[in-house]
Amino acid sequence: MYLGDMSNAIELTPTARVVLGFLKFGPQTGYDIKSYIEISTRFFWGASYGQIYPELKRLERAGLVESEASPRGARKRTVYRLTPAGDRAVLDWLTDRESWIFEYRDEWLLRLFFGDLVPRDDAIENIRAARAFFEQTARRFRAQIQPHAEEGAEEGERFPLLVYEFGVGFMDWAARWYAERERELTAPARRPPPAERKARPRR
919 MYLGDMSNAI
929 ELTPTARVVL
939 GFLKFGPQTG
949 YDIKSYIEIS
959 TRFFWGASYG
969 QIYPELKRLE
979 RAGLVESEAS
989 PRGARKRTVY
999 RLTPAGDRAV
1009 LDWLTDRESW
1019 IFEYRDEWLL
1029 RLFFGDLVPR
1039 DDAIENIRAA
1049 RAFFEQTARR
1059 FRAQIQPHAE
1069 EGAEEGERFP
1079 LLVYEFGVGF
1089 MDWAARWYAE
1099 RERELTAPAR
1109 RPPPAERKAR
1119 PRR
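Those letters in the sequence shown? Residues 919 to 1121, per this note's numbering, in order.
Below, the structure is given as C-alpha cells:
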C-alpha cells in the first residue's frame, strides 16, 4: 500500500503499520512503542528497536510523523506524533480490505516438518519442548497481558482484549495439539489380537 502525496509516497512496511497504529493512541517515544509491543502485539506482529527507530525517521521524512525533543533530566528523549497525513494513513490502512499480509513463523513447526531428518527420540523431544513452550506462553499471557487487556476494555478499548482471547486460545490449543502428538508417538505399539496374527509356517 502506498500512502502520502504523489511527490512523497511511501509504502507502509510491516514495522510502519505497527508504529503508526500505536502513535494513533497518542504521542510516544520509540521506547514507549517497543514497550507496548512487548505486552500486546509481539507474538503476532513484533518489531525490534533496530526496526522501530529507522522506521520512525523514515516516516518523519515522508511527513507522516513529526518529532519533538522532550528530555527527562540528562536523558535525551524524542517524542513522535502523527501528522494529519499520518492520521489519514492509519485510517486508510485500517479500512483497506484488499491488501494484507499473512505470515506465520514458528520454528517448532518447522522442526516438526523436518522431523524425519533426526532420530525419532530427538523429534519427540522437540515436540515435548514445543508443548512446554506453548503451555508456558499461555501462562505468561494470562499473567502479563490479560490484566492490561482487561483494563483497556474497562476504559472502552475492547478490541485488544479480543486479540488477547484469540492469542491465549491459540496457545492453549497448540499446547494440547503437541501433547496429543507426544502421546501418540510415545505410546507402545499395539499388538494385534491373536486371531489377526499370521501363523508361523511349519518347517
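The C-beta atom is built at its ideal place from N, Cα and C for all residues, glycine as well.
Since the model is a prediction, treat every value here as computed from it, not as a measurement.
Check your understanding: Skipping 5 residues on each side, what residues in its chain have a beta carbon closer than 7 Å to that of P1078?
Key -> Residue numbering aside, residue 1078 sits at position 160 when the sequence shown is read from its first letter. Excluding residues within five positions, the ones whose Cβ falls inside 7 Å are S958, A1067 and G1070.
- Task: Measure from the alpha carbon of G981 to the alpha carbon of each residue in E1016, Y949, A934 and Y967, then state which is nearest.
- Result: Position 63 of the sequence shown, counted from the start, is the residue given in the question as residue 981. Checking every option, the nearest Cα to that of G981 belongs to A934.
Decide yes or no for the touch test of the region 1099-1110 against the region 1044-1056: beta carbon pairs closer than 8 Å, at least 3 of them.
yes
Reducing DSSP to helix, strand and coil, say where A987 ends up. For the purposes of this step, residue 987 is taken as the residue at position 69 of the sequence shown. Here A987 sits in strand by DSSP.
Supposed close pair F907, V1036 - CB separation, criterion 8 Å: For the chain, the structure presents residues 919 to 1121; residue 907 sits outside this window and is missing.
Could you tell me the distance, in whole angstroms, from the CA atom of P972 to the CA atom of A992?
-> On the sequence shown, residue 972 is found 54 positions in, with the first residue counted as 1. On the sequence shown, residue 992 is found 74 positions in, with the first residue counted as 1. The straight-line gap from Cα to Cα measures roughly 23 Å.
Handout entry: Alpha-carbon spacing of R1038 relative to A1050, whole angstroms
Key = Locating residue 1038 in the sequence shown gives position 120, counting from the first residue. Locating residue 1050 in the sequence shown gives position 132, counting from the first residue. In a straight line, the C-alpha of R1038 is about 19 Å away from that of A1050.
inquiry  = Tell me the DSSP secondary structure of I1019 in three-state form.
reply    = Stepping through the sequence shown from its first residue, residue 1019 is reached at position 101. Residue state, collapsed to three classes: coil.
Taking the beta strand (DSSP E) that R999 falls in, what are its first and last residues?
Your numbering for residue 999 matches position 81 in the sequence shown. Looking at the DSSP string, the run of the beta strand (DSSP E) that includes R999 is T996 to L1000.
Please report the distance separating the alpha-carbon of L1103 from that of W1026.
In the sequence shown, residue 1103 corresponds to position 185, counting from 1. In the sequence shown, residue 1026 corresponds to position 108, counting from 1. In a straight line, the C-alpha of L1103 is about 16 Å away from that of W1026.
Q: Take every Cβ of the region 938-947, pair it with every Cβ of the region 996-1011, and state whether three or more of those distances are shorter than 8 Å.
A: yes
(message) Just to confirm before moving on: does the CB-CB distance between S1017 and Y998 stay below 8 Å?
(response) Residue mapping note: residue 1017 aligns to position 99 of the sequence shown, counting from 1. Residue mapping note: residue 998 aligns to position 80 of the sequence shown, counting from 1. Contact: no.
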